[in-house]
Structure formats: structure tokens, C-alpha cells
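Going by UniProt numbering, the final residue of the sequence shown carries number 320, and the count climbs one at a time with no gaps. Quick reminder that beta carbons are idealized off the backbone N, C-alpha and C, glycines included.
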Amino acid sequence: MLLDFLVPPRITDYYNYLTNPNPNVSASSTSLPLSETGSSITDTGLSSTSSSRSISVAMPAAVPTISARIALVTGAAQGIGEAIALRLAEDGLDVAVNDISCKHEQLNDVVERIKAMGRRAIAVPGDVSSEEDVVLLVKTTVEVLGGLDVMVANAGVVAMKPLLDTSLEEYDRIMGVNARGVMLCFKHAAAQMIKQGRGGRIIGACSGSGKKGICNMAAYSMSKFAVRGLTQACASEWIQHGITVNSYAPGCILTPMLMHPDDAKNGGPASTAKLATGMPLDIPDAEPTVVAGFVSYIARPEAHFITGQTINIDGGLHFD
Numbered sequence: 001m002l003l004d005f006l007v008p009p010r011i012t013d014y015y016n017y018l019t020n021p022n023p024n025v026s027a028s029s030t031s032l033p034l035s036e037t038g039s040s041i042t043d044t045g046l047s048s049t050s051s052s053r054s055i056s057v058a059m060p061a062a063v064p065t066i067s068a069r070i071a072l073v074t075g076a077a078q079g080i081g082e083a084i085a086l087r088l089a090e091d092g093l094d095v096a097v098n099d100i101s102c103k104h105e106q107l108n109d110v111v112e113r114i115k116a117m118g119r120r121a122i123a124v125p126g127d128v129s130s131e132e133d134v135v136l137l138v139k140t141t142v143e144v145l146g147g148l149d150v151m152v153a154n155a156g157v158v159a160m161k162p163l164l165d166t167s168l169e170e171y172d173r174i175m176g177v178n179a180r181g182v183m184l185c186f187k188h189a190a191a192q193m194i195k196q197g198r199g200g201r202i203i204g205a206c207s208g209s210g211k212k213g214i215c216n217m218a219a220y221s222m223s224k225f226a227v228r229g230l231t232q233a234c235a236s237e238w239i240q241h242g243i244t245v246n247s248y249a250p251g252c253i254l255t256p257m258l259m260h261p262d263d264a265k266n267g268g269p270a271s272t273a274k275l276a277t278g279m280p281l282d283i284p285d286a287e288p289t290v291v292a293g294f295v296s297y298i299a300r301p302e303a304h305f306i307t308g309q310t311i312n313i314d315g316g317l318h319f320d
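Here it is as C-alpha cells:
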């Protein structure tokens, strides 16, 4: 076929997987088995029930449904990460959620909300700046849920202060979580996806600060520029394996990271953060669900032709 002359063999393998996920069923078949499963994780292990049926479909064979896949979301105890984890569960994915150990109660609440949707979910606390923790995070996800198809490296930290007042410890922590942490998640997720041989989606948290440096956020901006470069480099490295790598660059999203007790007297939600970074109070803001909606699409099989991109989600604040 013409595709064989245009792309590396591993890409044609991925194309064949997307268009005919069951190698024992030819593309000319008119009947495909569909599994509908419901599973739950308890303290004693995994229990599941399943049923199957056949339907007639038009050729070629359908793209595999999103419901069969497994996602891992870091920084998922609150804010954007929480919204992404819940949205992916709504989309039919089973989800492993991660955050630092002190947020275990919030993390467990997210797990219960995902289970209430009929999806499997586990909480795996850990620090993404630690390679040992990231290796364990991926390993646990694979062992308990059965694989890894979508990695969302969302965890991040911020310090809003002039560079002259930023300590080396603060700088190291910001770079450790926002840049090193994303790199480790990308690296170990990709290794697992390549091992599985069915492609995947790797998604990172950038920021509008990774497109334009922001006053009083020098270290944070630096870390987010790093995510953009990492996204492009990894997209180039892993395209041959059917793995896409993209990032989202939110603007002013109303999360606990940006909220402050003085917001009410300063003009409304996130107003303190806007003032601290020199942004006008009337710039657009939005709820975390707007980012989750983007991730929902970019994580899907049909988004296979989008890679190496860092997409602004900021209400038109910045144009590329």
C-alpha cells in the first residue's frame, strides 16, 4: 500500500492496529466481537464480569474503542489533574491517579469518584521528581490495571516572586517537578508503551508561561519552556512507535495553585496571582474542565496525526 512508502514500518504497524486491532479478523470481515466489561478493584484484588456480542460493521474494521485503554495522571488530587482524571474516566478509560503522599485523602476521593462511574481506578502516591517513584508509578499501573496507553504528566508547582528573591532550593524544586518530573514520566511511559507495541499518547503540562516569560515567575517560566522543547524532541523520537507526544499550555485556570485568600478584596478569583505577575485583571479565566476537554480529544486514537504540539488553552490570550 502507498502508506508503506511514506512512513517507517512501525508506523504502518500502528496504522494496521488502529484499523484492524484483532489480527485474527481480516479487514474484510463483516462481524466483529465486542467486549463489554465492568471491573472493580477491592482490597482483596480484582473482580470482573464480562459479556460479549457480535455486530455487523462496514469495512474497514472500526478503530478500537477508547473504553479498553488505561491512563495515568499525575498531580491528580486537585485542579487540572483531577479534572483530567475524571474526564478520562467519563470517556471510558481506567485511570491510575498520582499525587504527593500528603494529598492521599484527596487522591482517594478521586479514585472513589472514578469507580462510581463504573471504571477501575487506583491511587499511587509519589514524587514525580524521583525516578524511583516514577518507575514504581508506571510499574504499579501496569501490574494492577493491565497496561498503559495514556500518560498525562500534569504535576507542577509554582512560586510567584521576583527572581532576585527566589532561593536555589525553590528553583530546584520547581525545575525538579515541572521539568525533571515531566521528563521522567515521558521516559518511563514511553518505555512501557514501546514494550507493549500498540502505540500510545503522552501528554505534558506546559503553560502560557512556556510561550512567553512571565514577570515574577522566572523559574516557573523556565521550567515550562523546557517542557515545550521536551515535547518536540520526544515526538520526533517516538513517532516510529506510534506514540504521539503533545502538551497543553493553559492560561489563567481557576485552580488551588492560583487561588489566594486575598482574591475577594483584590477583584475576584485568581486576582492576587494576576496582580503578582503583572497581568490585567480582565484577562480571561476558566475552570479546569476546559483543559480536560482538550486532553480528552488528544488522548483518543483518532488524534494520531497530531504530535509535537503545545496547544494554548487560554481564551485567546496568546496566539502562536
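Sequence-distant Cβ neighbours of V144 in its own chain, meaning closer than 6 Å and more than five residues away, are I122. In the assembly as shown, P288 is a buried residue. Its beta-carbon has 16 or more other beta-carbons within 10 Å.
Rounded to the nearest angstrom, the gap between the Cα atoms of L168 and V177 is 14 Å.
For the stretch 180–242, the continuous beta strand (DSSP E) assignments of 3+ residues that do not extend past its boundaries occur at 200–205, in sequence order. Distance from D99 to A77 at the Cβ level is roughly 4 Å; contact confirmed, criterion being Cβ atoms closer than 8 Å. Annotation for L88: no beta strand (DSSP E) segment contains it, though the alpha helix (DSSP H) segment containing it runs G79 to E90.
Looking at Q192, G118, A71 and R228, the one whose alpha-carbon comes closest to that of V150 is A71. In the structure shown, N178 adopts helical secondary structure according to DSSP, grouped into three states. Looking at E170, V152, F186 and G79, the one whose alpha-carbon comes closest to that of E131 is F186. DSSP places D127 outside any alpha helix (DSSP H), giving it a letter other than H or E.
Distance from the CA atom of E237 to the CA atom of N312, rounded to whole angstroms, is 23 Å. Its Cα nearest to that of R113, the residue E90 stands out among H241, G79 and E90.
Contact between the stretch 102–109 and the stretch 152–159 is not established, with fewer than three Cβ pairs separated by less than 8 Å. Between V138 and D172, the alpha-carbon positions lie close to 24 Å from each other.
Within the same chain, and ignoring the five residues on either side of G213 in sequence, the residues whose Cβ sits closer than 7 Å to its Cβ are S221. Non-local beta-carbon contacts of D133 in its own chain, meaning distances under 8 Å to residues more than five positions away in sequence, involve G126 and D127 in chain order.
Excluding five sequence positions before and after V142, the CB atoms of its chain that fall closer than 7 Å to its own CB belong to L148 and Q192, given in chain order. If you look at N108, you'll find it in the alpha helix (DSSP H) that goes H104 to A116.
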